[in-house]
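Asker:
Number of protein chains: 2
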Amino acid sequence: MNIMQAALPNHVLISEVGPRDGLQSVSRTMATADKLRWITALYDAGLREIEVASFVPAKHLPQMADAAEVVQHALSLPGLTVMALVPNRRGAQSALEAGVHKLTVPVSASAAHSLANVRKTREEMIEEVSAIAALRRALAPQAKLEAGISTAFGCTMQGEVPEDDVIRLAAQCVAAGADECGLSDTVGYANPAQVHRLFRRLRAEIGDKAGAAHMHNTRGLGLANCLAAWDEGVRIFDASLGGLGGCPYAPGASGNVVTEDLVFMFEAMGVSTGVNLAKLMAAREPLQAGLPGEPVYGMTPEAGLPKGFVQRAAYA
Amino acid sequence: MNIMQAALPNHVLISEVGPRDGLQSVSRTMATADKLRWITALYDAGLREIEVASFVPAKHLPQMADAAEVVQHALSLPGLTVMALVPNRRGAQSALEAGVHKLTVPVSASAAHSLANVRKTREEMIEEVSAIAALRRALAPQAKLEAGISTAFGCTMQGEVPEDDVIRLAAQCVAAGADECGLSDTVGYANPAQVHRLFRRLRAEIGDKAGAAHMHNTRGLGLANCLAAWDEGVRIFDASLGGLGGCPYAPGASGNVVTEDLVFMFEAMGVSTGVNLAKLMAAREPLQAGLPGEPVYGMTPEAGLPKGFVQRAAYA
């Protein structure tokens, strides 16, 4: 841990993305009632930010056709920040009308991935962020707007992604009206040295608007990359229960960081997550019941907690 | 990375423990010819320290009955440090007579694990280290002697292991004649904050005699723990091809850190390992041929290397 750590909070926000990033990468569609049950279980475990849906045309992602209904349920859970992904202003309008607390807009640092994922150039996406920020001001000024720079650590189509591109886009997102901007390792190419460099540059460029680390575990480095981000002062981490998820437009990009393992890592380090590990593991049941046979990952659920491991009493 | 890093080498030694730690935890016995083929493949990939066997009575570990023959083969590979585990002076004598370059002696920090693993108290094990050091001086003064503090981060029998016990034992091992002393997370309980603390204290206590980090991936934190150890100046890392391994006397302790993922992490970070990743992945073939059906792990072999990832030309 570097010297800077002393000034930073000793707690993190785990932003659960399974109901969006996870489910959208699974070919089958989870029934709405099962989604609601799963989201409630995640909330009961102590998660206080959940990306519950993606507002995209149902013909593209039938898994997300019930987005408004899912948001409505999530809004009934007190203290939960209800988040949705929106690729464009149309999606943003629907999401804001549905009442979400926070929008996240993916902006690809890779030109090739941008076209494949949202059929827009990177410059067009910055305009989209700007339009979404204007909509937010008009419709729901209290809602938060996050931009997530996807393929920030490399791209299965383009290969290497210049770090200057990533930092420039992040600054443009903030200038366009985003409240925070995070970095996503969409395809699992990141390594800890790169995570150190990029989050350090991000903080130097946009200060406190530097947002979440969204890491995938494609090559097993997910938690190591989260640790590197933590060391750079990152305090928001995306993760997916059971490691569900990936990116349908980035071949070979499988598996978000597993929420259970990430929460265990931080709690074992003495970093507060607000999440009760026993209840978190219990939240795998509704996920598995809603998608029978779908593979779920995670080493901590399989191995169990260490003997004598005691979780903070506050998470009852 | 902390400030101290600037003064430290930008390369690591990956110490492959699969032929010992891996094979001894598998119930079946790999045929000697298969072991030799596997060890050659590991060597061909660039690994320059391999723990090839354990010198223990064959009735306890039939998997290791061919230890002397395996050592003889490994000694034929130029530049390879041939290492063997020895639990006591009798094993050390056989290993030194077989010609190994380096002995490793496990010393449990957990009193309960010490009795279960080697049927000796921790104090008796320090005496054993002393006797082995005397034997080494008499029989093969050029051979190196390493002590590995097992269950240094917790124990499935005892639960928490006091950090003072770990550091005291390490100092006693060095005083008894060990050239270096490493720390082992035998049962996969370690977390990065603890790894930082313990390796920092180890270095403060025994200086340059601080040795390898031996991490397991039981709860998915293996690479994050290696990264924390790297940040504390550790430059020797144990790992097992395909994540084979565990500890037969520590229930639930499965899986060494996967060599393929660890090498990928360091190489991607720009840290030299001397290991050719393509050849390393090819070394899974003789492992799997020698133990058909045995599960092997590793995310990097499954996902492949990132597009545009180029390995140092020097590792041809």
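Line order of the protein sequences matches chains V and F. Quick note: the first sequence uses this note's numbering, first residue 4, plus one each step. Quick note: the second sequence uses this note's numbering, first residue 4, plus one each step. We put the CB at the ideal spot given by N, CA and C, even for glycine.
1. Going by C-alpha to C-alpha distance, which of V:Gly223, V:Phe269, V:Gly246 sits closest to F:Ala271?
2. Under three-state DSSP, which class holds F:Met86?
3. Determine whether the beta carbon atoms of F:Ile135 and F:Leu148 lie at a separation below 8 Å.
4. Give me, in chain order, the residues of the same chain whose beta-carbon lies closer than 7 Å to that of V:Phe269; leave out the 5 immediate sequence neighbours on both sides.
5. Count the other CB atoms, across all protein chains shown, that sit within 10 Å of the CB of F:Val313; report buried if there are 16 or more and exposed otherwise.
6. DSSP has F:His199 in a bridge; who is on the other side?
7. Check the DSSP bridge columns for F:Asp241 and list the partner residues they point to.
8. Let's test the definition: count the other Cβ atoms within 10 Å of the Cβ of V:His2 and tell me whether it reaches 16, buried, or not, exposed.
9. Taking a cut of 9 Å between CB atoms, which residues from the segment 202-230 of chain F lie near chain V?
10. Residues of chain V with CB under 7 Å from F:Val261, in chain order?
11. Using a Cβ-Cβ distance cut-off of 8 Å, determine whether F:Lys159 contacts chain V.
12. Taking the beta strand (DSSP E) that V:Gly151 belongs to, which residues open and close that run?
13. Are there 16 or more other CB atoms within 10 angstroms of the CB of V:Arg140, so buried, or fewer, so exposed?
14. Count the C-beta pairs between the segment 173-182 of chain F and the segment 233-244 of chain F that are closer than 8 Å, then say yes if the count reaches three, no if not.
15. Spatial neighbours of V:Ala356 within its chain, please: CB distance less than 7 Å, with the 5 preceding and 5 following residues excluded, ordered by chain position.
16. Once you ignore the five residues that flank V:Met67 on each side, which residues in its own chain have a CB closer than 8 Å to its CB?
17. Cα separation between V:Val29 and F:Asn228?
18. Let me see if you follow: with CB-CB separation under 8 Å, is F:Met272 close to chain V or not?
19. Measuring only the C-alpha atoms, how far is V:Ala231 from V:Arg287?
20. Looking only at C-alpha atoms, which of V:Ala101, V:Pro304, V:Thr32 sits nearest to V:Thr262?
21. Rounding to the nearest angstrom, what Cα-Cα distance links V:Ala48 and F:Ala193 in this structure?
22. Kindly say whether V:Cys250, judged by its beta-carbon, lies nearer than 8 Å to any beta-carbon of chain F.
23. Is there a C-beta anywhere in chain F that falls below 8 Å from the one on V:Ala306?
24. In the structure shown, what three-state DSSP assignment does V:Glu297 receive?
25. Compare the C-beta of F:Tyr192 with all C-beta atoms of chain V and state if any pair is closer than 8 Å.
26. Is DSSP giving V:Glu52 helix, strand or coil here?
27. Just confirm the distance between the C-beta atoms of F:Gly151 and F:Pro109, as a whole number of angstroms; I'd bet it's less than 8 Å.
28. Distance check for V:Gly102 and V:Val74, CA to CA, integer angstroms please.
29. Chain F partners of V:Ala68, CB-CB under 8 Å?
30. Which class does F:Gly162 belong to by DSSP, given the choice of helix, strand or coil?
31. For F:Leu50 and V:His199, I'd like the C-alpha separation in whole angstroms.
32. So, using beta-carbon positions, are F:Ala216 and F:Val190 closer together than 8 Å?
33. How would you label F:Gln175, buried or exposed, when you count the other beta carbons within 10 angstroms and need 16 or more for buried?
34. Terminal residues of the continuous alpha helix (DSSP H) containing V:Lys282?
35. Compare the C-alpha of F:Ile17 against each of F:Val266, F:Cys158, F:Pro65 and name the closest.
36. May I ask you to list, following chain order, the residues of the segment 11-39 of chain F that have a beta carbon less than 9 Å from some beta carbon of chain V?
Answerer: The relevant details are as follows:
1. V:Gly223
2. strand
3. yes
4. Val15, Thr276
5. exposed
6. According to DSSP, F:His199 bridges with nothing at all.
7. F:Ser18, F:His217
8. Since the first residue of chain V shown is 4 and the last is 319, residue 2 of chain V is not available in this structure.
9. Asn220, Thr221, Arg222, Gly223, Leu224, Gly225, Leu226, Ala227, Asn228, Cys229, Leu230
10. Gly223
11. Note that residue 159 of chain F corresponds to Thr in the displayed sequence, not to Lys. Yes, because at least one Cβ of chain V sits closer than 8 Å to the Cβ of F:Thr159.
12. 147-153
13. exposed
14. no
15. Shown here, chain V extends from 4 to 319; a query on residue 356 of chain V therefore has no answer.
16. Arg23, Leu26, Gln27, Ala56, Ser57, Phe58, Val59, Ala61
17. 31 Å
18. yes
19. 27 Å
20. V:Pro304
21. 24 Å
22. Because the pLDDT of V:Cys250 is 49, which lies under 50, any placement of that residue in the model is unreliable, and the question is left without a value.
23. yes
24. coil
25. yes
26. strand
27. 5 Å
28. 7 Å
29. Ordered by position in chain F, no residue passes the 8 Å Cβ test against V:Ala68, which lies about 31 Å from the chain.
30. strand
31. 28 Å
32. no
33. buried
34. 280-285
35. F:Val266
36. none
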